[in-house]
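Here is the structure we will look at, set down as C-alpha cells.
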Amino acid sequence: MMIDSRRGQGRTVAATPSIFAAVAMAAGLLASLAGCGDKFTPVERGESVQLTESGSEDISTALDKLGQIDKSDLDQHWIQGLYAVRRWLDTVDPPADWRPDPMLDSLPTQLAEMDAVANLSQKTPRPEEIEYLLECIWARDITRWVLSDFQDPSLALFNARAAEGSDNVFADREEDALGEALRLFDFTVRHVQLEPLLEAPPAAEPTEAPAPTRLVDGPGYMQPPWKALLMASGDAWQRSRVFIALCRAANIDAVMLGIASEEPGGPVQPWLAAAAVQGQLYLFDAQLGVPIPGPQPQSIATLAQLQADPQLLRKLDIGGSEPHVYPVQAADLSRVVALIDAPVESLSIRTRMIEDALVGEQRLRAVVDPSALAARIQACEGIEECQLWEVPFQTTLYNVARKKRAGADETYRQENLRDEIMYYVANLSWGRRKHFRGIFSDEGDDQGAKSLFLELRLPETRIEQLPDSKELQRAYGFDRNAPRDEALRKQYMQLQIPILRRAKQRATLWLGLALYDSGDFRSAGNWFDRVRTDPSEIDVCRQSATYNLGRSLEAQGEPALARDMYYLDKESPQLHGNLLRARLLILAEDQPAGDGSAAAPGDPEK
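Residues 1193 to 1798 in this note's numbering are what the sequence shown lists, from first letter to last.
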C-alpha cells in the first residue's frame, strides 16, 4: 500500500523581540527547573493523589494562569503559569501506585531513551507538558460547545444512524458517541486546513540521532495537535491527532489505524483515524476530509464492514481525466494494526497528579493509559494488534530540538518562529481561544471572537501609516518595546507592517469560521468568498476559504453551488476528498432514502 487581547485599554499586542524572547525564556525556564527536581521511586497507577489543604484550589489557579497565555502579556502569563504548576506539584504527594505503562517497553531504543521518557516519574514538569495541558484545555472547551450548542445542517450528509433508520442523528447525545465523533471530526476538517504529507526521511544510521532530533522535516511530527489547532493547518496525521485529542476529551476511544508491512518486522504505515463505538471501529479519513462511506446511504463505514466487503474501498475512487484512486487495497485490510496516540506528556506521573486533582468544570482528560486503551480496542471487531504510535514521541523530539535551536541561533529563530509568533499577537490568538470556548459574541465589555477578529480588519492605507502614527502604534501595542531613537523606531515599525497585514488576512478567514460556528452561514460564506477572491488576501488561506465556502452553501441548502466550490480548487491536497463529497451530495439528491443502489457519477470534475 502507498499512502501516499486580551482587550486591554484599547490595545493589541504586536510581534516584538520581547515575545520571541518570552518563548525562549519560558522554554529555558522549565528546562532549568527540570534539572533540579527531586526524584522519587516510581510506583503503580490506581490511587488518587493526596492533596494538601489548598491543593485543588492551587492547581485551578495554575491552570487559570495557563489558560491566559494567549492574551496580551504572553511572557508574564506563561511564566506565571509554569511557576504555578510547579509550585502546586511540590505541595502534592505522588500516587503510591503509579508505574510507567508496560507498552513503553516496546518502543524503539532511540525513543525509549528520550529524556521525556526517562523523566516520567519525576515531579518537575517539562516545558512540553505545559503545552500539552493547554492542548487538553482547548480540547475540553471545544467539545463542550460542539457537542451541545452547535447545529450544522450539512452534517446530515453523514447520518451516523442511517443504517438504523433513525430520523435524528443526534436523538440521544449521551448514547450517540458516533454522532459526537462525527461532529468532532467535522470541526477538525473545517478548522485545520490540510497540508501535504511529507515523505518519511531515510532511517537514521545507528550512530545518528533520530531525524526529528536533527530537525529533518517529516510527516506528522513537525507540530503537536495544539499547534495545528492554533495555526489552523496540518498534514493528515496531524489532523488525525487533533481529532483523536478531541475524542479523548469527549471520552470516546479513538486510535490511528495503520497497515503493517508484508515483510515481517517492517514498518506500519499510518492510514486513518477510527473511533470505537459499541465494539466497532468507525473510520474517519483526515486526508480525504470525510468519513469513509458505509454500505448504507449516508452511513459511516466500520473496519469490519470494509474487511467483509473490500469493494467498498473502490467506491472511494474518482474517475475522469485525472483519476483519483484510493490507495488502500483489499489485501491491506488483513494487516490493519491499531496505533495508540499516547503523547509522552500524557504518560507522566505529573499529568496523572494534575488530572486526578481537577473536578467539576475544570476536569481534564489528559492521561492516556495505553495498555487499557489497547485492551478496549482489541475487543473491537477487526483488530488483533495494538502498538504505540511513534509519531507522538517523534513530535516531542522535534519540538524540543526546535526550541533548543531557536534559543541558540537568532537567524533560525527569526526564520522559523516569526509565523508562529504572529498567532500570539493582534487579537489573533485570543480570538481563536474565545472561539475554542464557543464565545462568539461580546458579553458586556468582554469581546467575543467575532469582534476580536473584526478589529484586525484595518484598511490597507491605515496599516501603511504605522511607522508615522504614534496613535496606531499605541493602539496596537507596537510601542511597548520599540527603540527610543526616532530613526530606529521608524525602521522597527516598518518591519511590523507585514505582521499586522498577515494578522488581518488570517483574521478574515477566522471571522468566517466564527460566523459559521455561531450559525450565521450566509455571513460566513461572504467572508470566505472575500478571502477566496480578494487579491490582497494571502494564498495560504484560500484553500480553507474555498472549502468552507462550499460548506456554508451546503448549510444554506445550496448543494449545487457547494459542489462548484469543491470542484474548483484543483491544487488542494484535499481535492480527492472534495470530489468525493461532491459525489455524495449528488447521491443524496438523486437516490431515494434507504436505496443504496444508485450508481455513482464517473467524473464529478466535469
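Don't be surprised by glycine CBs; every beta carbon is placed ideally from N, CA and C. Here the structure is a predicted model, which means the values were calculated and not measured.
Same chain only: Cβ atoms within 6 Å of residue i, ignoring 5 sequence neighbours per side
| i | result |
| --- | --- |
| D1250 | W1280 |
| E1577 | V1529 |
| G1481 | V1381, Q1766 and G1769 |
| P1345 | A1747 |
| F1632 | G1640, A1641, K1642, A1706 and S1710 |
| G1450 | V1460, Q1461, P1462, W1463, V1529 and L1531 |
| Q1586 | P1404 and Y1413 |
| E1366 | Low confidence applies here, because E1366 scores a pLDDT of 40, under 50, leaving its location unreliable and the question unanswered by this model. |
| Q1499 | L1525 and G1574 |
| A1420 | V1384, G1426, Q1430 and V1434 |
| G1742 | A1754, M1757 and Y1758 |
| R1527 | I1451 and A1452 |
| Q1479 | A1428 |
| V1134 | Because the chain here runs from 1193 to 1798, residue 1134 falls outside it and cannot be looked at. |
| F1713 | S1744, A1747 and Q1748 |
Given residue i as reference, the closest of the options once Cα atoms are compared
| i | options | result |
| --- | --- | --- |
| E1652 | H1516, L1299 and K1696 | K1696 |
| R1291 | D1731, R1544 and P1519 | R1544 |
| L1422 | S1621, D1712 and M1757 | S1621 |
| A1530 | P1519, A1567 and D1548 | A1567 |
| E1320 | V1338, R1649, Q1415 and L1303 | Q1415 |
| L1514 | A1523, T1301, E1763 and L1525 | A small correction: the amino acid at residue 1514 is Glu; Leu does not occupy that position in the sequence shown. Nearest option by C-alpha distance: E1763. |
| D1731 | F1713, V1583, R1694 and G1742 | R1694 |
| V1384 | H1516, G1426 and L1504 | G1426 |
| L1386 | D1477, L1407, G1457 and D1601 | D1477 |
| P1487 | G1471, R1506, Q1479 and A1331 | R1506 |
| D1409 | Q1472, R1594, S1538 and G1458 | R1594 |
| F1628 | Q1470, Y1275 and R1336 | R1336 |
| F1645 | A1716, A1679 and C1439 | A1716 |
| A1308 | L1504, D1285, N1591 and G1636 | N1591 |
| E1582 | M1448, A1752, F1670 and R1625 | M1448 |
| D1341 | G1630, R1773, E1647 and N1619 | G1630 |
Distance between beta carbons of residue j and residue i, contact taken as under 8 Å
| i | j | result |
| --- | --- | --- |
| D1445 | I1569 | 7 Å |
| V1560 | M1306 | With 8 Å as the limit, V1560 and M1306 do not qualify as a contact, their Cβ atoms being about 16 Å apart. |
| R1542 | K1682 | Rounded, the Cβ-Cβ distance is 47 Å, inconsistent with contact. |
| G1623 | W1719 | Incorrect: roughly 14 Å between the Cβ atoms, too far for contact. |
| L1776 | P1519 | Rounded, the Cβ-Cβ distance is 19 Å, inconsistent with contact. |
| C1328 | A1254 | 13 Å between Cβ atoms; not a contact. |
| A1558 | L1303 | The Cβ separation is near 21 Å, so there is no contact. |
| L1312 | L1565 | L1312 to L1565, Cβ: 17 Å. No contact. |
| L1389 | P1411 | 5 Å |
| A1600 | R1649 | About 38 Å separates the two Cβ atoms, so there is no contact after all. |
Same chain, Cβ closer than 8 Å to residue i, neighbours up to 5 away in sequence not counted
| i | result |
| --- | --- |
| L1580 | M1295, L1296, S1298, L1299, L1531, I1532, A1534 and P1562 |
| D1282 | K1315 |
| Q1343 | G1711 |
| P1483 | F1350, L1374, F1377, Y1474, L1475, F1476, D1477, I1492 and A1493 |
| D1787 | Reliability of the predicted coordinates at D1787 is poor, the pLDDT of 42 falling under 50, and the value obtained from them is presented with this limitation in mind. These residues qualify, in order along the chain: P1489. |
| T1603 | none |
| L1339 | R1365, E1372, R1375, L1376 and A1442 |
Same chain, Cβ closer than 7 Å to residue i, five either side skipped, listed in chain order
| i | result |
| --- | --- |
| D1634 | G1640 and S1643 |
| T1738 | R1724, M1757, L1760 and D1761 |
| E1236 | Any reading at E1236 must be qualified, since the residue scores a pLDDT of 34, below 50, and its modelled position is unreliable; the value itself is stated next. Around E1236: D1289, W1290 and R1291. |
| L1589 | M1306, P1402, P1404 and T1405 |
| P1675 | R1681 and Y1684 |
| D1359 | Only weak support is given to the placement of D1359: the predicted model assigns it a pLDDT of 40, under 50, and the value that follows is read from those uncertain coordinates. Closer than 7 Å at the Cβ level, and outside the excluded window around D1359, lies no residue. |
| Q1472 | T1494, A1496, C1572 and E1573 |
| C1733 | Q1697, R1698, L1701 and V1723 |
| A1392 | G1410 and P1411 |
DSSP bridge partner residues for residue i (one or two, in chain order)
| i | result |
| --- | --- |
| H1516 | I1510 |
| E1635 | D1638 |
| Y1474 | A1467 and T1494 |
| P1462 | G1450 |
| S1425 | Q1385 |
| L1531 | M1448 and Q1579 |
| P1483 | F1476 |
Residue i: CB within 8 Å of a non-hydrogen atom of the ligand NAD
| i | result |
| --- | --- |
| P1651 | Absence of the ligand NAD from the depicted structure is noted, as is the absence of any ligand whatsoever, leaving it without description. |
* Cβ contact check for the segment 1689–1709 and the segment 1638–1650: 3 or more pairs under 8 Å -> The segment 1689–1709 vs the segment 1638–1650: in contact.
* Asked: Should the segment 1365–1381 be regarded as contacting the segment 1332–1351, the criterion being three or more beta carbon pairs within less than 8 Å?
  -> yes
* Any contact of the segment 1655–1663 with the segment 1674–1694, i.e. 3+ C-beta pairs under 8 Å? -> At 8 Å Cβ cutoff, the stretches touch.
* Is the segment 1430–1443 in contact with the segment 1465–1483, if contact means three or more CB pairs nearer than 8 Å? -> yes
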